[in-house]
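**Student:** For what it's worth, the working numbering labels the leading residue of the first sequence as 10, then goes sequentially.
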Amino acid sequence: MEKIKTIRGVRDICYPRSSVWDKIEKICSSVLEGYAYRRIHIPVIEFTSLFSRSIGEETDIVSKEMYAFKDRKGRDIALRPEGTAGVVRAVIENNLLQGSSREKLYYSGPMFRYERPQEGRYRQFYQIGCEVFGSRQPETDAETAAAALEIARKCGAGGLDLRVNSVGCDECRPPYRRKVADFLAENSGELCEDCMRRKDTNTLRVLDCKKNKCRSVFKNIPVLKESLCSPCAEYYSDYRSLLEALGCSFTEDTGLVRGLDYYTGPVFELEADKGGVIAAGGRYDGLVKKLGGPDIPACGWAFGLERLESASDITASRLPAVYIMLMPGGDAGLCRSAAAALRKSGVSVEENYEDISPGKKLKDADRKGAGWALFVGEEETVKGFYSLKNLMTGEQRKVPGDELEKVSREFACE
RNA sequence: GUGGGUGUAGCUCAGGGGUUAGAGCACCUGGUUGUGGCCCAGGAGGCCGCCGGUUCAAAUCCGGUCACCCACCCCA
10 MEKIKTIRGV
20 RDICYPRSSV
30 WDKIEKICSS
40 VLEGYAYRRI
50 HIPVIEFTSL
60 FSRSIGEETD
70 IVSKEMYAFK
80 DRKGRDIALR
90 PEGTAGVVRA
100 VIENNLLQGS
110 SREKLYYSGP
120 MFRYERPQEG
130 RYRQFYQIGC
140 EVFGSRQPET
150 DAETAAAALE
160 IARKCGAGGL
170 DLRVNSVGCD
180 ECRPPYRRKV
190 ADFLAENSGE
200 LCEDCMRRKD
210 TNTLRVLDCK
220 KNKCRSVFKN
230 IPVLKESLCS
240 PCAEYYSDYR
250 SLLEALGCSF
260 TEDTGLVRGL
270 DYYTGPVFEL
280 EADKGGVIAA
290 GGRYDGLVKK
300 LGGPDIPACG
310 WAFGLERLES
320 ASDITASRLP
330 AVYIMLMPGG
340 DAGLCRSAAA
350 ALRKSGVSVE
360 ENYEDISPGK
370 KLKDADRKGA
380 GWALFVGEEE
390 TVKGFYSLKN
400 LMTGEQRKVP
410 GDELEKVSRE
420 FACE
């Protein structure tokens, strides 16, 4: 029979990676719950229109990267390409903003984009994100960025670079976009191929071009920061001061433009020395209203789990930490009670009652990376002790049955 | 969507028209049925990614296709 394989750009997450992911997710939720974000679980499938309306019809994500299809009744359905749209929909649909002026939510799970896979990029990928609704204060923007930074640090990410910018609001961005378009039209002869295309499809993206040729042309391009309306400029300036006050060092990047249409005001990208851009987000004040809700401001961000993993230095848990093996003439009941006692102390335990040689069991323990082996054979059963062997050093000692829980803290289980 | 690279054992890779396709590591068995790693002896494991073409003969040459990797585009 022919083997069935995974489809392109998706993969199984097996141990030890699965264990690392669990730890990262735990770090994320504990940091976010420290900021009083509450978890929300939203569907993986939604009406396609949710995404086209929020992310933008003309964006790459919607126009060519969505897994979109018709269901059995002919409705247009899509696998979510990102999390924010669904959370906003859920907030509106569940009236989460009634009575309370603010709501802080976080989510995690798989997202889907039909892209060509490469390093740190998959067709099914995982994001962990958060959203704050009902606050239009720079403190909130700064706080969310600070939380992202805290998560990255707690995951051991190195070489962090928080880059910030403001993309302006509906008042100041359209005029600015026209200024840039005019500038590009005047200098079109000197642009690279990509920028020629971008100037029509995604005008502000040209600011992000890395080619030297374009960079030198862009030395005189209008800068968004100088075109911001005064409320936006003031907001952005407060935001930066607050980041400083929170001890978040950052760099300003006037070329930083998000690819999703809904952003307004401050945006950021968090880059690490490994994993590239591991998180990004910003303010999106018009989106709730645009999706049929009240006119409520909001901001948020998302981490790419695969990228956060690359940046992190987290290692997998030892599973098992202790490997209990029944030996000839031993009492299985003693194995079971030892296992129960250790598990009660939070230790990961595997028991092996197979009728095979101790050497094989030990080899299995070794291969699984267990830190300790615990033997129960005839002598242990008769005299009432456990033989405990440190598999890293090879040392072995006798532990009285009632002292097992006492030594359990030695079994590093993290 | 564009460009480049690579597909041979579980893994990393050699071989480049001509008999039974190799190595290292990993795996299995035994030496050692109360002790893993080291050592020794033996063993198993491949339609040489897939389809087609050229040829007396293809893992090897040609075409196509699929997959993976890298970069671009774009994005987390």
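Using N, Cα and C, we set each Cβ at its ideal position, and we do this for glycine too. Predicted model, so just to flag it, every value in this text is computed and none were measured.
1) Going by C-alpha distance, which of T273, G268, P409 is nearest R70?
2) Going along the chain, which residues of its own chain have a beta-carbon closer than 6 Å to the beta-carbon of P306, five neighbours each way excluded?
3) When we look at the beta-carbon of V19 and count the other beta-carbons within 10 Å, is it buried (16 or more) or exposed?
4) Run the CB neighbour count on Y115, radius 10 Å, all protein chains shown included, and call it buried at 16 or more, exposed below.
5) So the candidates are I365, A350, Q107; which of them puts its Cα closest to the Cα of S4?
6) Tell me the rounded alpha-carbon separation between G368 and A348.
7) Name the residue from L317, K12, P275, D270 whose alpha carbon lies nearest to the alpha carbon of I160.
8) State yes or no: is the C-beta of A157 within less than 8 Å of the C-beta of W310?
9) Going by Cα to Cα distance, which pick from R172, E243, D270 is closest to R214?
10) Any contact between the region 93-103 and the region 68-85? By contact I mean 3 or more CB pairs, one from each, below 8 Å.
11) Around the Cβ of T15, are there at least 16 other Cβ atoms within 10 angstroms (buried) or fewer (exposed)?
12) Apply the 10 Å Cβ neighbour rule to Y248 and answer buried if 16 or more other Cβ atoms are within range, or exposed otherwise.
13) Given that a residue counts as buried once 16 or more other Cβ atoms are within 10 Å of its Cβ, and exposed if not, what is F78?
14) Run through the region 22-92 for me and flag every whole beta strand (DSSP E) of 3 or more residues, listed as ranges in chain order.
15) Could you say if the region 179-195 and the region 232-243 meet the contact criterion of at least three C-beta pairs nearer than 8 Å?
16) For T273, which of N229, V297, E363 has the nearest alpha-carbon?
17) Could you check if M75 is buried or exposed, using at least 16 other CB atoms within 10 Å of its CB as the buried criterion?
18) Hey, V385 and L397 are a contact pair by Cβ (cut 8 Å); roughly how many whole angstroms apart?
19) Out of E67, L105, P90, E140, point me to the one whose CA is closest to Y44's CA.
20) Distance, Cα to Cα, V286 vs P337?
**Tutor:** Looking at the atomic coordinates:
1) First, the amino acid is wrong: residue 70 is Ile here, not Arg. I70 has its Cα closest to that of G268, out of T273, G268, P409.
2) R145, D294
3) exposed
4) buried
5) Coverage of the chain is limited to positions 10 through 423, which leaves residue 4 absent and any answer about it impossible.
6) 20 Å
7) L317
8) yes
9) D270
10) no
11) exposed
12) buried
13) exposed
14) 54-56, 77-79, 85-88
15) yes
16) V297
17) buried
18) About 11 Å separates the two Cβ atoms, so there is no contact after all.
19) E140
20) 56 Å
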